[in-house]
Amino acid sequence: MHAGLKFSLELVDGERLGKLAVPHTQMACWLNFLTAPHYGAQIIFAEQGCDGVTIYFDACEGMYGYLSDRINGDRTVYHSDPARLPLAS
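Residue numbering for the sequence shown follows our numbering, beginning at 5 and increasing consecutively.
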């Protein structure tokens, strides 16, 4: 889908966060997207690497599903709690 762009859900200090690995060339676009007021995502922290930046953020299930669909090409959202089922397509 998007070269070098990766999305997943991670458990960090007991909190479920979105994890978005973004190449440097796409950084501005994705920061603007995540910080848009109408999406309500909160950036928790970011890590810089050689190839880009990894952003950990808190958002609603709808945004996680959207990113999974747009970046990973599916509507499967994986939860840290195995008792929870993935979102339906």
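Where is the CB? At the ideal position from N, CA and C, for every residue including glycine.
Residue i, buried or exposed, once every other Cβ within 10 Å from all chains shown has been counted against 16
i: G66; result: exposed
i: G8; result: exposed
i: F38; result: Sequence check: residue 38 is Leu here, not Phe. Under this definition L38 is a buried residue.
i: G22; result: buried
i: G53; result: exposed
Member of the options whose CA lies at the smallest distance from the CA of residue i
i: G44; options: N76, F61 and E14; result: F61
i: T58; options: G18, L15, P27 and E19; result: P27
i: A25; options: W34, C64, Q46 and P41; result: W34
i: I48; options: G77, R20, G8 and D73; result: R20
i: C64; options: H42, A32 and G18; result: H42
i: D55; options: I75, D17 and T29; result: T29
Cut-off 6 Å between Cβ atoms - residues of its own chain near residue i, not counting five sequence neighbours on either side
i: L71; result: F11
Presumed contact (8 Å Cβ cut-off) between residue i and residue j, rounded CB distance
i: Y68; j: L15; result: Contact flag wrong, Cβ pair sits at about 13 Å.
Close-in-space but distant-in-sequence residues of the same chain around residue i (CB under 8 Å, 5 per side omitted)
i: A50; result: V57, T58, I59 and Y60
For residue i, the residue or residues it bridges with in DSSP
i: P41; result: Answer is none; P41 lacks a bridge partner.
i: G22; result: L13 and F61
Contact set for residue i: own chain, Cβ-Cβ below 7 Å, skip 5 residues either direction
i: Q46; result: F61 and D62
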